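Numbering (my numbering), first residue to last: 313 to 846.
Cβ atoms here follow ideal geometry from the backbone N, Cα and C, with glycine treated the same way.
Remember, predicted model here, so these are calculated numbers, not experimental data.
Working notes, structure below.
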Amino acid sequence: MSAVESAIDDFGQRNIRIGLFLIAALAAAVRCYIWYMSPVVNPDGVLYIHQARNFFEGRWGELTSCGLSFFSIYPVLTAMLYPALQDWVISARIISILFGTLTVFPVYLAARKVTRRKTALLAAVIFAVLPGAAGAAGQVVRDLVCWFFIAWGLVFFLHQDERERFRVCLFLSCSAFLLASWARVESLVFVAASILYLVFFGGNKRVMRTIFFLLPVAGAVVLGIIMLETAGIDVAQAFRLREVAEKMSAPFLSYASLRKDLRALSTGMEGAPLEGFISFARHSVWFIGLFSLFNSILRALLYFYGILLAAGLWKLVASPLRVKGHLYSIVLSFCSFILLYFHLIHVWVMDTRFVMIFVIAAFPLIASGIDAFDEALFRKTALSAKRSYIFLLAGIMLLGIWNDYGFSERDKMVFRQIGEKISEDSPSGRRNIVAASQVSMRWISFYANAKAVDPPCPQPGWDLKTIAEAGYASFVGNLKSLGASYLVWDELHWPRNGFDLLKEMYPNDFKEMGRWTHPSTGEMILFKCMFNMQ
């Protein structure tokens, strides 16, 4: 054992528990701050809450009728918590904060499998303060639940190698990955990657290990057949299994279509620089996507944490004997990277929280990088082992917390204020149909119906621009037929070629309720539709 290891690894189990408790408290504090700085539920979140209400109140036929064609575990968890809190928004957000906070424990255990206890604690600290992980807690999204189960699936799988009860570990690992897939179907890549690992690196009992790992999959298939036969639930549709098959070919079709569009764009262009650039881009689409994904991962890791990942990989290259303990993490990271690359080639959008499935799979490698960095600080500086550890801990915490501190979405509070204004103005429990642009529709409709007994879908199947394009009289007629009781006019999204509502409206048709402004909409004016008031 090296001097660093003997100096640092003398850390009792009691201190580990205290350290983990403090890290969990830090994670909860960061996520509560993000919650405070995100006073408005995100647009997708209002659909998940609406789905949770339908599930809780037994409206099964409406689960996939409001902006969502699938049913995830998130609304189920929200509905389970609602009886205790009696508030749908708080229930949904507590689920995000709770699962996001608790994930520090499996992250620690996964890192502990390949490195020292105190180094594993630093890996857990990174997850606690990482903006990509903490920032999602301010939203009502499925990702936090997904990451929790991915991390536990990783832990159970890492422990199956050296335990006699490998059957239980493999069964629990696959079960965790399936629960993660119920949250986000992309997590099925971990099931596939684990099967590949068992087939090629499973050892003498690879067949038996693979069978026990697949038992939860077999159980899920049987349960799906029973649900289809007894309840008529299309499991493939509800759990997005058909999309998995479509995703296999969609990136290649998108790639070919993009190259075709770039060729058409370059036709007739004048000027060597632009023509040459388009030609280069057409032949380098694959490379642009690859570079963009690398950049997204580095941004998600705040670059410095990315250096720790690179250090972990370098440590494995320098010490090939260490690779075996990290091989599973390498396989998962590689497969999740390929998945993200295909997703990027398909839609050319890569949100930071999407990258987190790669980051969680790579945490054992990041832990090795922390180890390498810590050893380098001790050996190449005048710092003692204790001081080098404290220096690294302080750097990790300050970098993450500083970036978390800069997060704010409080400007969106205006949309909540408009919705709450409607809710206050209308009779208690009444269902309010709101006409607004697609930019603000979900938010305003959701908060306008927060106290409604039977709230409408926050995302109706019609668009304000469509019903307003044929003139004032037609517009009023459309609002009457839709039963709209409130209208939100906004400066930037009113039809450009349509009539001027503010000049042509009849005073008896609309009553102004208030004015607000926001950069994404310009000025907004809330009107009560007097012709639909009874």
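Out of I537, W806, L652, which one is the CA nearest neighbour of W598?
Nearest to W598 by alpha-carbon distance, out of I537, W806, L652, is L652.
Is DSSP giving E600 helix, strand or coil here?
The residue you asked about is not Glu; residue 600 is Ile in the sequence shown. Three-state result, I600: helix.
Could you pull the DSSP bridge partners for Y798 from this structure?
Note: Y798 sits in a beta bridge opposite V746, K840.
CB L466 to CB A422, shorter than 8 Å?
yes
Identify, in the order they occur along the chain, each residue of the same chain with its Cβ nearer than 8 Å to the Cβ of L704, setting aside the five sequence neighbours on each side.
Excluding its 5 nearest sequence neighbours in each direction, L704 has C-beta neighbours in its own chain below 8 Å: L434, I682, F685, D686, L689, listed in chain order.
Taking the alpha-carbon positions, what's the S487 to A532 distance?
About 9 Å.
Which residues in the same chain as K815 place their Cβ atom closer than 8 Å to its Cβ, once the five residues preceding and following it in sequence are excluded?
none
Neighbourhood of Y360 by C-beta distance below 6 Å, restricted to the same chain and skipping five residues each side:
Y386, P387, V452
Straight-line CA distance for L628 to P831?
49 Å
Could you pull out every unbroken alpha helix (DSSP H) segment of at least 4 residues lying fully inside the stretch 615-647, listed in chain order?
616-630
For W828, name the three-state secondary structure that DSSP assigns.
strand
Distance, Cα to Cα, P770 vs V746?
9 Å
With a Cβ-Cβ cutoff of 8 Å, do L656 and S591 count as a contact?
no
Taking the alpha carbon of F383 as the point to measure from, which residue in A391, V437, W494, L490 has its own alpha carbon closest?
W494
Continuous alpha helix (DSSP H) assignments of at least 4 residues falling wholly in the stretch 374-428:
385-397, 400-414, 416-424
According to DSSP, is F811 part of a helix, a strand, or is it coil?
coil
Pick from M836, I713, L677, S797 that is closest to Q729, judged by C-alpha positions
Considering only alpha carbons, the answer is M836.
Starting from E816, follow its DSSP beta bridges and name the residues at the other end.
The beta-bridge partner set that DSSP reports for E816 is empty.
When you compare only the Cα positions, how much space is there between L791 and F822?
11 Å
Would you say I678 and L620 are within 8 Å of each other, going by their C-beta atoms?
Cβ atoms of I678 and L620: closer than 8 Å.
Residues in its own chain within less than 8 Å of Y394 by CB, not counting five upstream and five downstream?
A364, F368, W400, S403, listed in sequence order.
Based on Cα-Cα distance, which residue from F787, L799, Y798, L613 lies nearest to L442?
Cα-wise, what sits closest to L442 is L613.
Alpha-carbon to alpha-carbon, M842 and D663
42 Å
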